[in-house]
Each structure stands twice: as C-alpha cells, then as structure tokens.
Amino acid sequence: MQQAAVHIDEYIITERLIAGDPVAQELVYDYYGPALYSIILQVVGDTATAEDVLARTFIHVFKNVVVFRDTGSATLFGWLMRMAREQAVKEAAIMEESESNGDDIMKHDSNLLQRFANKLPEESRTIFHLCYYKGLPKEAVARMLGAQPDEVMAKLKDIMVAFRKFLGE
Amino acid sequence: MELNHYIQSGIIESYVLGIATTSEMDELQQMRRLYPSLNAEVMAVERRMEKTALAEAVLPSPHLKQRIFQHINWRDKIPPDDKSRYTFINIHSKDEQHITVHKWWRLFFIITFILSKICLFFAIYFFLKYQQSRERKTELQSSHTEQVRSPK
C-alpha cells in the first residue's frame, strides 16, 4: 500500500496533535484511519457501526492524545489500535444486548488476527475470540466454558506464545 | 535468561492486543523500567502489527472524514466558559398577587415612615400648645369681665 511508504515522525506528530493542529489530525486520520477501520470492522462486523466507532475513536484520540505521551506507550499505532479495539468491543457488547447474533467465530481470513485465530484448535479459538473480540475478562471466559480461571490463563498464555511465533513467520 | 523467558511468554503480544490483565500490565511497566531493552521489543511487535494492519486496511466511506472533522471543529469553536452564548430564562411562575420593585423603594418607604412619625409628633405638640393658649385666653377674658363689673 502507498500509505506504508509515508514516514510519520511520531514525536513531532504527537506534539502537533496535543497542540490541536488540524493538519496533523488529518494526516493521522488519512494514514491510520483505514487500518483502524479494518480492525474495528472485524470486531463489530457491520460497516455502518464500524464507521460510527471509528469516528468515536478519532474524536476520543484527538481529545486525549496527551495520555499517549504521558503513559509512555511505545508507538502511536499501538496506542491507536488499543483505543479502537476498546471502543469496538464496547459497541459490540451494546449491539449484542439489543440483538442476539449467532457467534460467528470462524470468520474470513481477511486480516492477520483472523488468519491466526482460524489456525488455532477449537477450544483455543473460542478463548481467543471471547477475550479479544468480546473483551471478556478471563474469569468470565472461565465461567462460560465451565473451566477454572487459571486454566484459561494458561491456555491464553499458550495462545499468545503461538501468536508471537505467528507474527515472526 | 530471565528476560528472554519473559519476552517469549507472550506477555508483550497480550499487552499490544489489549487483552492483558491490569496486574500483567503493571508487571510489564515495571519490567520496562528495569530493562529498557524491553521497550524495543514492545516497539518491534507494534511495528509488525502496524505494517500488517496498513497492508490490510479497508477504506471507510469518504464522507466519514468530513463528519469527524466537522464534529471536532464544531466542538473546538465553543469556549467552555462562554456564557454570552446562553439565554437565561426565568422559569418562576407569574404570581399576580405580588409585584417586583427596585430596592431604592425600601429606602423611600423608611424615610416616608420616619417623616410621618415626626409630623405626627409636631401635630400633637402644636395641638396641645394651641389648647393651652386657648384655655389661658378664656381665663384672661373671664377675669377681665369680672374687673369691669366690680366698680359698679
């Protein structure tokens, strides 16, 4: 993608975002917006809702960008990605309360995380799905699966080790 | 190596994805302070995720950008303490039994009350004086009449 060739100096861009520079805001939106939209879309599964979540994410991010600098996050994208997922999980929980969609755990291989999840054994895939896409705490996942929280923690640790290997491939 | 074992445990990936527990995140932050080389590991994982996410990006609707920036610009244009933009409406019910007057009327009523008391005092005082002088006049007249009659 052409965007990947553009270099963004994160220190300068963060300082400009904190100052409320509209040019910097547009630059960040143009550069990271589509990547974050893809991440959100994987969680909420609906384009209109994903756009609402993306809008909310950027409004929140531009308002609270000082948190990124103060918490010592490693990269701007890492922080944006966590913010986007957090907003998407919240929205997905609200959507689930109003309409009970069937849990489509086996999604298309359209992005990195789905490709990884689809490679996992069924039980591990369910745990990963409930933790990442549903944002549930380990205790809640354990209750849902009729297991002990420690077992879920150990399984999730194995999943993350597998993800580390998958990323390195 | 302890640090290498910690890195291989998948804790960094768990943090990057946002699924680490609060205690895991606190532990990672402490480890990052102890071993600054961990920061490079976190950065490397995030950069790998970024590279893939940029390559797998999906374009949202072109109107979305306008929507977001319209919202941001609208919000930024309103200063938080700008009260001149608000209209205050008195929601007290209209009571026809009471009137509202300027506070200077209170002073006016107090002065009027004091003056009326002074006037009342002088009215009584002069009335008593007048009565006294009339009585004296009547007394003088009667004594004069007696003096005129007595030489006969």
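Same order as they appear, the protein sequences are chains A and B.
152 is the number of the first residue of the first sequence in our numbering; add one for each residue after it.
1019 is the number of the first residue of the second sequence in our numbering; add one for each residue after it.
We put the beta carbon where it would ideally sit given N, CA and C, even for glycine.
The structure presented is a predicted model; accordingly, all values stated were derived computationally and were not measured.
**Asked** How long is the line joining the alpha carbons of Ala239 of chain A and Glu1114 of chain B, rounded to whole angstroms?
**Response** 57 Å
**Tyr284 of chain A burial status per 10 Å Cβ neighbour count (16 or more: buried)** = Counting C-beta atoms within 10 angstroms of its own C-beta, Tyr284 of chain A has 16 or more neighbours from the protein chains shown and is therefore classed as buried.
**Asked** In its own chain, which residues sit with a C-beta less than 8 Å from the C-beta of Leu271 of chain A, not counting the 5 before and 5 after it?
**Response** Phe279, Ile310, Ala313
**Prompt:** When Cβ atoms are compared, which residues of the region 1043-1057 of chain B fall closer than 7 Å to chain A?
**Reply:** Those would be Asn1057, in chain order.
**Message:** Quick check on Gln1048 of chain B: does DSSP put it in helix, strand or coil?
**Reply:** helix
**Message:** Give me the residue from A:Phe213, A:Pro173, A:Met234, A:Asp172 with the minimum Cα distance to Ser191 of chain A.
**Reply:** Note on identity: in this sequence residue 191 of chain A is Ile, with Ser being the wrong assignment. Nearest option by C-alpha distance: A:Met234.
**Request:** Could you tell me if Tyr183 of chain A is buried or exposed, where buried requires 16 or more neighbouring beta carbons within 10 angstroms of its beta carbon?
**Result:** The residue is buried, with at least 16 neighbouring Cβ atoms inside 10 Å.
**Message:** Here's the rule: buried if 16 or more other CB atoms are within 10 angstroms of the residue's CB, otherwise exposed. What is Pro185 of chain A?
**Reply:** buried
**Message:** Tell me which residues of the region 296-315 of chain A have at least one Cβ-Cβ distance to chain B shorter than 7 Å, keeping chain order.
**Reply:** Lys308, Met311, Val312, Phe314, Arg315
**Request:** Please list the partners that Lys289 of chain A has in chain B, where partner means a Cβ-to-Cβ separation under 8 Å.
**Result:** Thr1039
**Asked** Which term fits Ala305 of chain A, buried or exposed, when burial requires 16 or more other beta carbons within 10 angstroms of its beta carbon?
**Response** exposed
**Item:** Val1119 of chain B - containing alpha helix (DSSP H), residue span
**Value:** That residue, Val1119 of chain B, is in no alpha helix (DSSP H); it is neither H nor E in DSSP.
**Message:** Against Ala225 of chain A, what residues of chain B qualify as contacts under a CB-to-CB distance less than 7 Å, listed in chain order?
**Reply:** Asn1057, Val1060, Met1061, Glu1064
**Message:** I'd like the list of long-range same chain contacts for Gln299 of chain A, defined as Cβ closer than 8 Å, with 5 residues on each side in sequence excluded.
**Reply:** The beta carbon of Gln299 of chain A is closer than 8 Å to those of Ala293 in its chain, skipping five residues each way along the sequence.
**Message:** Assuming contact is defined by CB atoms lying nearer than 7 Å, are Phe228 of chain A and Glu1068 of chain B in contact in what I supplied?
**Reply:** In contact: Phe228 of chain A and Glu1068 of chain B (Cβ atoms closer than 7 Å).
**Item:** Where Ser1168 of chain B sits in the DSSP three-state scheme
**Value:** In the structure shown, Ser1168 of chain B sits in coil (DSSP, three-state: anything other than H, G, I, E or B).
**Item:** Nearest-angstrom Cα separation, counted from Asn262 of chain A out to Glu177 of chain A
**Value:** 25 Å
**Message:** The alpha helix (DSSP H) that contains Ser1079 of chain B, what's its start and end?
**Reply:** Here Ser1079 of chain B belongs to no alpha helix (DSSP H), and DSSP marks it neither H nor E.
**Asked** Whose C-alpha, out of A:Phe213, A:Phe317, A:Ala243, is nearest the C-alpha of Thr200 of chain A?
**Response** A:Ala243
**Message:** 7 Å is my cut-off, CB to CB: does Leu1077 of chain B come that close to chain D?
**Reply:** Protein chains A and B are contained in the structure displayed, whereas chain D is not.
**Neighbour flag for Ala206 of chain A against chain B, beta carbons, 7 Å** = Judged by the 7 Å Cβ criterion, Ala206 of chain A is in contact with chain B.
**Item:** Sufficient close CB pairs (3 or more, under 8 Å) joining the region 1027-1043 of chain B to the region 197-211 of chain A
**Value:** no
**Prompt:** Anyone know if the C-beta pair for Arg315 of chain A and Gly1028 of chain B falls short of 7 Å?
**Reply:** yes
**Asked** Along chain A, in chain order, which residues have C-beta atoms closer than 7 Å to that of Thr1070 of chain B?
**Response** Leu263
**Item:** Cβ-based burial, Glu1157 of chain B [other Cβ within 10 Å; buried from 16]
**Value:** exposed
**Gly184 of chain A in three-state terms, based on DSSP** = DSSP places Gly184 of chain A in helix when its eight states are reduced to three.
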